[in-house]
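Chains as they are written, first to last, in this note's numbering: chain A, 223 to 413; chain B, 25 to 598; chain C, 57 to 192.
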Amino acid sequence: MRPIATTRSATGIPTGRLAVWWVIASEIVIFGGLLASYLMHRLGHPEFAGPDFAGATTTWIGATNTFVLLTSSLFAVKAHDAAQKGNGPRAANFLWCTFGGGAMFLCIKAMEWTQEISHGYVITKNAFWSFYYVAAGIHASHVIGGMVIMAILSSDVRNNRELQRVELIGNYWHFVDLIWIFLFPLLYIAK
Amino acid sequence: MATPIHEHHGEGDHGAHAHDDHHHDPGFVQKYLWSTDHKMIAMQYLFTGMFMAIIGGYMAYVFRVHLAYPGVHVPGFGQVNPAEYNSLVTNHGTIMIFWVAMPVLIAALGNYLIPLMIGCDDMVFPRLNRLSYQIFLLSAIVLIAGFFVEGGAFGGAWTSYPPLSAKAQYNNTPLGAPIWLVAVALEFIAFLLGGINFVTTAMNSRAPGMKMFDMPIVIWMIVIASILFMASVGPLFAGAIMLFFDQTVGTGFFDPNKGGDPILWQHLFWFFGHPEVYVVLLPALGVVAEVITTFSRKKLFGYRTVLFTSFATGLLSFFVWAHHQFIAGIDPRMANVFTVTTVLISVPIAEMMFVYIATLYGGSIRLTTPMLWALSFLVAFLIGGVTGIFLGASGADIYFHDTYFVLAHFHYTFVPIAILAVFCAVTYWYPKMFGRMMNETLGKIHFWLTFVPFNGIFIPLFILGLGGQHRRIWSYENFPELSRPEYYSLRHFASISLIIMLVSQLIFIFNFFWSLKAGKVAGKNPWRANTLEWTADSPPPHGNWKELPTCYRGPYEYSVPGRESDYWPQDEKS
Amino acid sequence: MSDHGHAHDHKGHGDHGHGDHADHPSYEKTYGILLVLLLVSIAGPEIGIKWVTLVTAFGIAIVKAYLVASRFMHLNIEKRIVSYLLLAAVAFLFLFFAGVSPDVMKHRGNNWENMAAQDEVDRATTEAHNAPAAHH
């Protein structure tokens with residue numbers, strides 16, 4: 223039973239969407255803190271560019287993952303578009319496509335990490351790899367979280383219920399994509 | 025965007041009645057343990073916080089008796105060895121800040137007051153609210169679990185600096201250290217989630233007619249505090265994950281031999297740690313504002329002044345953090361910058377004190393128990409603030425850092441925040457929460473027996489700090505210059521004052537529970553105050569009002585010239 | 057009750073003006089631009105000039121972020137307070153970096169030196185020079 227409080231909107235922004243913006247703002251500072259800390263180390267340790275450090279990340283795998291996430295973001299926004307038009311089943315289908323993109327991202331990452339770990343690039347090898355696994359790991363956990371929420375929402379959405387939530391999970395998903403848009407050059411390109 | 029509000033207002037009546045229909049009697053579990061009602065969740069936070077306060081207070085008792093009488097068998101604990109001492113002081117600090125001050129001032133008061141003071145029926149996300157409490161409760165359980173694992177609870181100070189906190193070979197608490205960290209991280213998550221509820225509710229769900237500048241100051245303060253928390257905790261949360269990996273897996277985020285840097289942790293911690301003190305200060309200031317306006321029957325001297333000052337303080341609080349690190353080896357040029365900003369931040373706070381005093385001036389003062397607590401806050405916080413200036417000057421801090429001077433300074437700020445303002449809030453809103461009045465006589469006795477001994481504890485500690493007594497030392501027996509009899513006299517005085525203060529809390533506990541059944545029935549508005557919570561029943565039912573109120577004016581219209589009554593509730597048409 | 061609330065929220069989206077596609081760029085077009093930018097950012101390092109790499113890598117990241125934020129997250133039609141809020145969060149990160157990097161990023165300063173960090177940098181750089189075996 224939803225309280226009346228939830229339906230009010232003195233700011234003009236629907237409550238759910240406003241809340242997601244606050245979540246995103248606080249996540250910006252969490253990830254940002256981690257990435258700023260990484261950046262300080264990277265700039266102070268030029269040896270991070272070496273073959274034992276960032277030199278060993280595989281750019282094309284990172285690029286593929288970027289492509290996968292960008293595509294899943296497209297699906298997410300198309301889901302929102304369908305929800306806007308009141309088409310629940312179409313929105314739900316696009317949500318599952320987004321979910322699929324997330325799953326593919328995770329599979330590629332799993333293979334990538336397996337390869338790296340088997341070559342001895344483990345989390346304790348040096349500070350670069352510690353940051354690499356923690357940053358990408360926290361990002362991946364957010365990907366998983368987003369996928370779980372999408373799965374939970376999809377049945378309601380398919381039945382044309384709670385359609386506004388498609389935009390909300392979409393915004394969250396785009397944010398997860400945004401983090402990766404910055405992680406990719408940091409860890410894979412600007413070595 | 026006025027239209028949606030009116031539509032919802034119409035819906036309001038409909039919704040309120042729908043609530044009544046669903047009101048068949050909920051069972052004990054549904055009502056007390058699994059509720060989504062903001063008032064019940066507030067009570068859960070309040071009682072958990074008060075329970076943790078007893079634990080934190082007990083720890084202080086143990087180590088203070090030990091410090092005054094080294095080697096003694098402390099009644100109710102035993103002899104205190106160095107490792108236990110470290111765990112006690114670490115967890116005393118951690119508990120008091122994260123598990124007492126924050127849950128009571130922000131979570132309990134925020135949950136209870138925000139919907140009632142802005143005129144709506146609950147928080148915007150009641151189930152998320154319940155989840156926030158459950159995560160918080162879990163965090164408390166995890167923290168306490170640390171005491172029962174092998175090696176005992178973490179003893180690396182509430183600031184948890186590596187390498188002491190990162191390596192078990194140094195801290196000797198291989199399980200306790202990560203457990204402590206997980207507990208703190210869970211608490212952060214609980215407050216992040218709770219903060220979302222508070223900010224969104226205050227922004228969106230105000231009563232029709234309640235503009236942003238009609239909200240009571242305490243609501244603004246809790247909202248600003250939530251925003252400050254959300255903005256500052258991010259890097260530390262990342263840091264906590266990094267430290268956890270250092271502890272458990274052996275990464276080197278803070279280990280220079282592996283390419284890391286321990287100073288990074290200090291910065292991550294204090295970037296949060298300094299705004300954190302304002303996170304707890306602002307709600308306390310808000311409570312004091314509500315109480316002094318009600319009991320001087322006067323408008324707040326400058327509503328917008330207080331508000332903009334709070335924004336400025338909040339913003340400035342992000343620019344002062346390294347004053348905790350003046351002698352840690354930071355670049356001296358940075359120390360200059362932080363000295364300037366730190367001394368600067370005393371200006372807005374001092375200004376707020378002046379505004380409060382100006383509010384009192386010329387008012388019709390009623391010295392009820394809540395008012396005594398509010399006034400004592402002003403006195404004690406003044407001492408805390410002034411002594412902070414000595415510490416903010418980096419030159420003086422070279423001497424003062426890590427002495428008891430620092431400790432006395434921050435207790436003269438934290439005790440007003442976590443104890444004086446909390447008692448102020450509880451005694452003020454008790455009639456609304458429970459429908460009964462607390463006993464005034466007992467309230468006043470409790471007040472004096474708390475406030476006077478409080479000073480008895482910490483003034484000696486200022487003197488000891490000036491004399492060079494350093495913090496976090498198990499025993500001063502090895503330091504001849506600190507083992508002088510005069511110093512021990514001061515320690516005895518402080519510890520005995522603490523015992524008196526702790527025992528006096530029994531009066532409050534008795535008053536609290538006795539008044540639940542035997543206090544005078546309170547009625548809706550025993551204090552004749554203006555804000556919206558006093559228009560609901562005492563205690564308010566589920567949904568708070570049968571018909572949600574409309575707001576017509578600001579919250580501090582007391583003693584308005586030309587009106588017969590000396591107060592003018594916000595929901596009264598004219 | 058749930059449909060009730062939703063019907064309102066759903067109409068509330070009307071303020072987005074999404075019904076007609078005429079007034080905003082198509083999602084597919086934006087996606088296309090993002091892919092092109094991705095390719096450019098991968099090609100950047102191939103040129104080998106350091107500043108080019110940095111500009112393509114991070115400059116493009118910022119552009120991509122702007123596109124996703126404004127067009128996919130609809131910040132372009134959201135109330136401006138939200139953009140200010142998010143930019144404020146980013147501003148705090150700049151503050152954090154500015155305040156902390158003099159101690160963590162730099163290894164010497166006014167009357168101080170971080171010997172451990174300098175030693176580690178030297179050690180790792182010499183190791184890299186002595187064993188230039190490429191792993192891939």
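A virtual CB, placed ideally from N, CA and C, is assigned to each residue, including glycine. Being a predicted model, the structure only gives us computed values, none of them experimental.
Rounded distance between the beta-carbons of B/I65 and B/Y157, thought under 8 Å: 5 Å
Contained alpha helix (DSSP H) runs [length at least 4] in the segment 261 to 332 of chain A, N- to C-terminal order: 281 to 306
Through-space distance from B/H97 to B/Q103, alpha-carbon basis: 4 Å
Range covered by the alpha helix (DSSP H) that runs through B/R577: Taken as a continuous stretch (DSSP letters only), B/R577 belongs to no alpha helix (DSSP H), as it is neither H nor E.
Chain-order list of residues whose beta-carbon lies under 8 Å from that of B/Y302 (same chain, five-residue window excluded): A249, L252, T337, G338 and S341
Rounded straight-line distance, which links the Cα of B/T411 to that of B/L199: 38 Å
CB contact below 8 Å: C/I98 versus chain A: With respect to chain A, the C-beta atom of C/I98 has a partner C-beta closer than 8 Å.
Buried versus exposed call for A/S248 [16 or more other C-beta atoms within 10 Å across all chains shown]: buried
Stretch pair the segment 546 to 553 of chain B + the segment 450 to 460 of chain B: three plus CB contacts closer than 8 Å: yes
Assigned secondary structure, B/G180 (DSSP; H/G/I helix, E/B strand, else coil): coil
Supposed close pair A/F253, A/F350 - CB separation, criterion 8 Å: Contact between A/F253 and A/F350 is absent: CB atoms are separated by about 18 Å, not below the 8 Å threshold.
Contact between the segment 399 to 406 of chain A and the segment 332 to 345 of chain A (3+ Cβ pairs under 8 Å): no
Inter-residue Cα distance where the pair is B/S59 and B/F222: 18 Å
Spatial neighbours of C/L110 in its chain, beta-carbon cut-off 7 Å, leaving aside the 5 residues before and after: none
Proximity below 8 Å, CB of B/P372 to CB of B/T333: yes
Selection of the segment 140 to 159 of chain C by Cβ proximity to chain A, strictly under 8 Å: L141, L142, A144, A145, V146, F148, L149, F152, F153, V156 and S157
Complete alpha helix (DSSP H) runs within the segment 104 to 129 of chain B (minimum length 4 residues, chain order): 106 to 118
Proximal residues of chain C, C-beta to C-beta of A/E269 below 7 Å: V177, A180, T181 and A184
Whole-angstrom distance between B/L572 and A/T228, CA atom to CA atom: 14 Å
Touching by the beta-carbon criterion (3+ pairs, under 8 Å), the segment 369 to 380 of chain A and the segment 310 to 327 of chain A: yes
Cβ of B/L288 within 8 Å of any chain C Cβ: yes
Local conformation of A/E176 per DSSP, three classes: Residue coverage of chain A in this structure runs from 223 to 413, which leaves residue 176 of chain A outside it and unanswerable.
Per DSSP, cross-strand counterpart(s) of B/T427: B/H494
Within the segment 454 to 513 of chain B, ranges of the alpha helix (DSSP H) (whole runs, at least 4 residues): 464 to 490
Chain-ordered chain D contacts of C/A172 [CB-CB under 8 Å]: In the structure shown, chain D does not exist; the protein chains are A, B and C.
Whole-Å CB distance - B/Y512 paired with B/G491, under 8 Å assumed: The pair is not a contact, with the Cβ atoms about 12 Å apart (cut-off 8 Å).
Coarse secondary structure for C/E176, derived from DSSP in three states: helix
Paired residues, beta bridge with B/R230 - DSSP: Answer by DSSP bridge pairing: none, since B/R230 is not bridged.
B/G578, buried or exposed, once every other Cβ within 10 Å from all chains shown has been counted against 16: That one is buried.
Amino acids of chain A, ordered along the chain, whose beta-carbon sits closer than 8 Å to that of B/M254: W244, A247, S248 and V251, listed in chain order.
8 Å Cβ cutoff, A/I374 in contact with chain B: no
7 Å CB neighbourhood of B/P550 in its chain, flanking five on each side removed: P455 and M461
Residue environment, A/L400, which counts as buried when at least 16 other CB atoms sit within 10 Å: buried
Pick from A/I226, A/K331 and A/M262 that is closest to A/T280, judged by C-alpha positions: The shortest C-alpha to C-alpha distance from A/T280 to any of A/I226, A/K331 and A/M262 is the one to A/K331.
Rounded straight-line distance, which links the Cα of A/F270 to that of C/V177: 9 Å
B/Y385, DSSP secondary structure in three states: Look at B/Y385 here: in three-state DSSP terms it is coil, with no helix or strand label.
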